[in-house]
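Presented below is the structure to which this report refers.
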Amino acid sequence: MMGINKQHKAFRFDKIMPIDANNIILEQAFARFLVLIRTKGVPITTTNKDTIYPRSLVELIADDPTHFQGMTTDTHRKQLLEDWLANEFATTIKVGRSGDGDARIANMKPIHMSTIKLLDPRIRSQDRDLSKFLYNVFQDSDLIMGNESLLLPYLTTGTADFGDHDSKIDESKAAELDIETLFLLRLLNDFKVEKVDKKKRITAHDFICPAQRQLIINDTARLLVYKDSMPRRELIDYLIMLFAFHAALYCLKSFRLINHLADTGQYRCRHCRGINMGSLDRLSECEFQPDIFVDLTSGQDKECDRMAKDKVANHHAIMYNYFRSHYKIKKIDEFASRFPPYNHSIENLMNFTNHADFNAYFHVRLTDIMGVEENEIIDPEIKAILDALVKSRNWCNALK
Amino acid sequence: MEADMAGNHNPFVAKFLTIYSQSELSTAGTRGYDPQTYVDTKLDLKLTPRIYSPETRLVVLTGNAGDGKTAYIQRLESLARDQGARFSEQTDNGCTYKMDGIAYQTLYDGSQDFEGAKNDQILKEFFSDLEGTAEPNGAFTKIIAINEGKLRDFILNKREYSWLGRQVHHYFESDSFTPHKSLIFINLNLRSVVSDNENEPSIFDLILDRFLDKEGPMGFWNACAPENCSYANRCYIRYNIETLRHPDLGPIVRHRLKQLFYAVLFRKIRHITVRDIRSFLSYILINKYSCHQIQADLDRGFSVIDRFYYNAVFPNDEKDRLARTMCDLDVSLTSNPKLDNFIHFHGPDDDLCLQLLIVGHEERQDQAYLKKLFESMPRGTDDNDPIRRDNAHRYHRSLRKKLFFESAEDQMKAAGFPIWKDFLPYKKFARFSQVVHTREDQHFGLRNNLTLAISKSERIYNEIIGSENLCLRSTSTTKANTKGFYSFPASDFKVIVKDIGFQEEFLEYTPNALYYRYIGTGANPKNPVELEIPIDLFEVLCRIREGYIPAANEVRTFFLNLEMFKRRIAAKRPDKIYLTDDDSSLFEIKKDPANNLIMTKVGG
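The listed protein sequences derive, respectively, from chains A and B.
Quick note on numbering: my numbering labels position 353 of the first sequence as 353, and the sequence is numbered without any gaps.
Going from the second sequence to my numbering is simple: count from 1 and add 1000.
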């Protein structure tokens, strides 16, 4: 698993694109989202716990013969339990670079709030800030956060709050619990949630398209209507799927908005400002609305096949433009940061394109990059750009 | 018409051709009231007297196109006319008449505009006497055929129809609601063309009887007698009609044909309307050619084997709705190796073959065609001539179909062959049919079998645990070494067959599906969690119970309802979980009264 390198860091600009453009493991993102829900936006970054393996949990069960009876009386039962825990309750990763070591628990399947107790922050997350994005989407709505919300009481069912972020099984409600939840809560009861990292509290995000954010909240509310009519694991799967879909849609829409911002300096579209929960259908009028053509014939209908491929090509073209637009805006931000009291807001940022020093600053930066010292080994990508520039200059001179 | 019957021509053939939906002549016979072929159903016997009862103010007929709404209303008008009713207005969309001091108004289609008048305006005028907050008064009765959706849209949530609106709402929303005595709602979509009530004939039987004109009051088939038609001994119409009119063979063929219509009904993928059954029966008996065309074909030696009823029941190239569905049930496509082998080596006039058929049938029009096909089959396994190979297929298929309808059960059994029921593509047809007709799952036998089948579809193979508990996999992971199953006691479920409440008084009805319903803790009778089981799903569940493992694409498409049902059940709170890593030794985890978790090995 690769960390973020220098090039990634140079590209990241979460003011306009809050999610890192990289592979995301959705379950990890959701597990971390639960942490943020519980801690009201403060992540967990360290742990004092030893590394936990499924067999460690079996040992805990063996140590509690009152609550768990007959589960570890022979090796067959122990093995059965260990496999069951590994398969159905935990997400594990193999220890060691070759991946042939023991499987340690990265996090428990996020089917209950108590599962955050075993989230291991030492294991590098492939969350890519999706959990922060989701937290910012929902933090002002009463849909997911808060004891009166739809989701939080569902996620904390059968437990009572304990300390700042911890919880314990509520014995008065244990009889109402299904067998699987009871097993999980008994298993996690003696664990504690790790201390939160207050320095890394999630900052509020100014959404480039507030109406799209409203749509995410609205669709989630529609799904949560069915929370008592479907299995717990199923609901969590659907939520994860819904969040992934909407995160992708948000990105697709942002690509167009960011291109527009870079090209015209105009921030946000004129339609989305007035859109609220009651008028979400007006989103279809938005000129930046992403459109996807899905070929449900799986290529059997030539016309559908062509239209779907054309649409993908179109999205790729927009995405290609987006990389340039994003980088341009990032560089403007870099320039603007030299002029206090610049506040990093998008509105503020775009004013700097007319700044008197704007062209001179980038001219100097470009000269620095192009200047090559003797014996310097040049990054191949930069060399390719420089070669292209030289060729282009020669060609222009020849024309003259 | 008597004069026309002379000279190899039956004028009624042309009439029957117009009843077929894909007729090349005309489809005029598919719509409205036809006095010659209309049959009196329960609507006529039970609803008509209610309509003429003075307390009735409004009769609403809903249903699909072709369900017979207009025909029934026109029949009602015709009877009124015969009884001396005074008609004041008559249009193509209804009429008004007065009888015994009561004003009657009919509307054939309340869902369409008519002669420039907008639909809503027509309905407003029609329902004007039913406005208000109380039951209507006055000497009137209104009869309307209307689309259910249109009725909802027009009546519900309108202040002027507050009383009627309540009645309509309750009728739509509550299965057990019986409307006010002045109102009658009939949904013809619930009517079944095949039914087996001893006290009433089915619509299928009524229409077939009328078409066959067995006693001859309509004289439909007099012209087809050998003395009136020189083609009678070669004509398939004569064969088809006389087979079904035959005193011994006729009832047997009819019964087997009826089972095929039951199978269509039980598939629950197509509602069979009266128009559908009239159309298809017309096609089966008469096919789609005039006397002139038939004679021309016979004269030039063209093979008409596909037009004999037993082949026509499963037509490959017809676009008729019912015909296409029937092709899925083609009895020549199932396999019975011993019989198939016999057919290949025995001609239609072979004594062994003739012995399999019910005796006494004198019509032999199909023999020449079957014999020709048999004699033109490939000569040995090296003969790859495509025409001869096709002849072999056609002979084989034709004879299988003929045996399905005309074989004697005793003779087939004596020869060691499967009987007609074994030709059906559904091996569990009889069991399904039996529960539907008795409307009862005696001693929960079927409930337990279905429980085991659903459990097995989740890959739990312990028959005792699987039938005593509905077991559902806790995750969809297939790679896991250990399988976990949520467990719900079988006693939390029951198999039910639904009825249609008060409407059964007016409609011939056969339930078309079984329902496996959750009745345990938290069950909501108004919105039950239940699995609808039409015959296809029933068949596969029975096979799963016997060990069949469905392919992934079957699960994706065919079992969509089953998958949704399992999810709804899994949302209930299971009290037990079974774990296994080898399918043979199962461990049960459950809680004790103190909410501690206990694991025990099943069976000690």
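We treat Cβ as the ideally placed atom computed from N, Cα and C, and that holds for glycine.
Since we're looking at a predicted model, the values are computed, not measured.
Discussion item. Less than 6 angstroms between C-beta atoms, sequence neighbours within five positions excluded: which residues of the same chain meet that for N1240(B)?
Written reply: Cβ neighbours of N1240(B) beyond the five flanking positions: L1285 and Y1309.
Worksheet item: In the structure shown, what three-state DSSP assignment does N1469(B) receive?
Response: Of the three classes helix, strand and coil, the one that applies to N1469(B) here is strand, per DSSP.
Worksheet item: DSSP state of V1059(B), grouped into three classes?
Response: strand
Worksheet item: Is there contact between the stretch 1172-1179 of chain B and the stretch 1410-1418 of chain B, where contact requires at least three CB pairs shorter than 8 angstroms?
Response: no
Discussion item. Suppose only complete runs of 3+ residues qualify. What are the beta strand (DSSP E) ranges in the stretch 1530-1575 of chain B, listed by chain order?
Written reply: 1530-1533
Worksheet item: Contact between the stretch 150-165 of chain A and the stretch 202-218 of chain A: three or more CB pairs below 8 angstroms?
Response: No, they do not touch.
Worksheet item: Does DSSP classify A29(A) as helix, strand or coil?
Response: helix
Worksheet item: Would you call M431(A) buried or exposed, if buried means 16 or more other Cβ atoms sit within 10 Å of its Cβ?
Response: Residue numbering for chain A in the displayed model covers 1 to 400; residue 431(A) lies beyond these limits and cannot be assessed.
Discussion item. Can you pull the chain B neighbours of E27(A), defined as C-beta to C-beta under 8 angstroms?
Written reply: The premise fails here: E27(A) is roughly 13 angstroms from chain B at the closest Cβ pair, so nothing lies under 8 angstroms.
Worksheet item: For chain B, is any of its Cβ atoms less than 9 angstroms away from the one on I105(A)?
Response: no
Item to complete: Just tell me which of L1322(B), K1372(B) and H1246(B) has its CA closest to the CA of R1275(B).
Response: L1322(B)
Discussion item. Just checking: is the beta-carbon of G299(A) within a distance shorter than 9 angstroms of some beta-carbon in chain B?
Written reply: no
Worksheet entry | Proximal residues to I217(A) (C-beta, below 8 angstroms), its chain only, five neighbours per side dropped | V137, F138, S141, L143 and M277
Discussion item. With the cut-off set at 9 angstroms, would you say F13(A) and L134(A) are in Cβ contact?
Written reply: no
Discussion item. Strictly below 7 angstroms CB to CB, what residues from chain A border G1484(B)?
Written reply: W84 and E88
Practice prompt. Taking D1575(B) as the reference, give the member of R1543(B), F1485(B), N1527(B) and E1546(B) with the closest Cα.
Written response: F1485(B)
Worksheet item: Does any C-beta atom of chain A lie closer than 9 angstroms to the C-beta of E1002(B)?
Response: Caution applies to E1002(B), whose pLDDT of 43 falls short of 50 and renders its modelled position unreliable; the value that the coordinates give is listed next. Cβ-Cβ to chain A under 9 angstroms: no for E1002(B).
Discussion item. What residue range does the beta strand (DSSP E) around N1187(B) cover?
Written reply: L1183 to N1187
Discussion item. Using a 10 Å radius around the Cβ and a threshold of 16 neighbouring Cβ atoms, would you call N1010(B) buried or exposed?
Written reply: buried
Worksheet item: For S325(A), which residues from the same chain have a beta carbon less than 6 angstroms from its beta carbon, with the 5 sequence-adjacent residues on both sides left out?
Response: I258, N259 and A262
Worksheet item: Can you tell me whether DSSP reads E401(A) as helix, strand or coil?
Response: Absent from the model: residue 401(A). The displayed extent of chain A is 1 to 400, so no value can be given.
Worksheet item: For the 8 angstroms Cβ check, are there 3 or more pairs between the stretch 1243-1253 of chain B and the stretch 1355-1368 of chain B?
Response: yes
Worksheet item: To the nearest angstrom, how far is it from the Cα of G1603(B) to the Cα of K1042(B)?
Response: Distance between the alpha carbons of G1603(B) and K1042(B) is about 56 angstroms.
Discussion item. Report the start-end ranges of each beta strand (DSSP E) in the stretch 1106-1152 of chain B that is 3 residues or longer and not cut off at the edges.
Written reply: 1140-1145
Discussion item. Relative to the C-alpha of H1437(B), which candidate in D1196(B), Y1038(B), E1055(B) and I1155(B) has its C-alpha closest?
Written reply: D1196(B)
Item to complete: Measure from the alpha carbon of Y1395(B) to the alpha carbon of each residue in F1127(B), Q1367(B) and C1235(B), then state which is nearest.
Response: Q1367(B)
Worksheet entry | Span of the beta strand (DSSP E) around K1098(B) | G1094 to M1099
Worksheet item: In three-state terms, what does DSSP make of I105(A)?
Response: strand
Worksheet item: For R186(A), which residues in chain B fall below 9 angstroms Cβ to Cβ?
Response: Those within 9 angstroms of R186(A) in chain B are N1595, N1596 and L1597.
Fill in: Buried or exposed by the 16-neighbour rule on C-beta atoms within 10 Å, applied to E1406(B)
buried
Practice prompt. On a CA-only basis, which of N1187(B), C1235(B), L1017(B) and L1452(B) is nearest E1508(B)? Give me that one, please.
Written response: N1187(B)
Worksheet item: In chain order, what residues of the same chain have a beta carbon less than 7 angstroms from the beta carbon of E148(A), not counting five sequence neighbours either side?
Response: D142
Discussion item. Looking at the secondary structure, which residues open and close the beta strand (DSSP E) in which P1489(B) lies?
Written reply: Boundaries of the beta strand (DSSP E) around P1489(B): K1483 to P1489.
Discussion item. For R1256(B) and V1540(B), what's the separation of their Cα atoms in angstroms?
Written reply: Straight across, the Cα-Cα distance linking R1256(B) with V1540(B) is about 23 angstroms.
Worksheet item: Considering E1409(B), what are the terminal residues of the alpha helix (DSSP H) in which it resides?
Response: E1409 to A1414
Worksheet item: Nearest chain B C-beta to M2(A) closer than 9 angstroms, yes or no?
Response: Because M2(A) carries a pLDDT of 48, less than 50, the predicted location of this residue cannot be relied on, and no value is offered for it.
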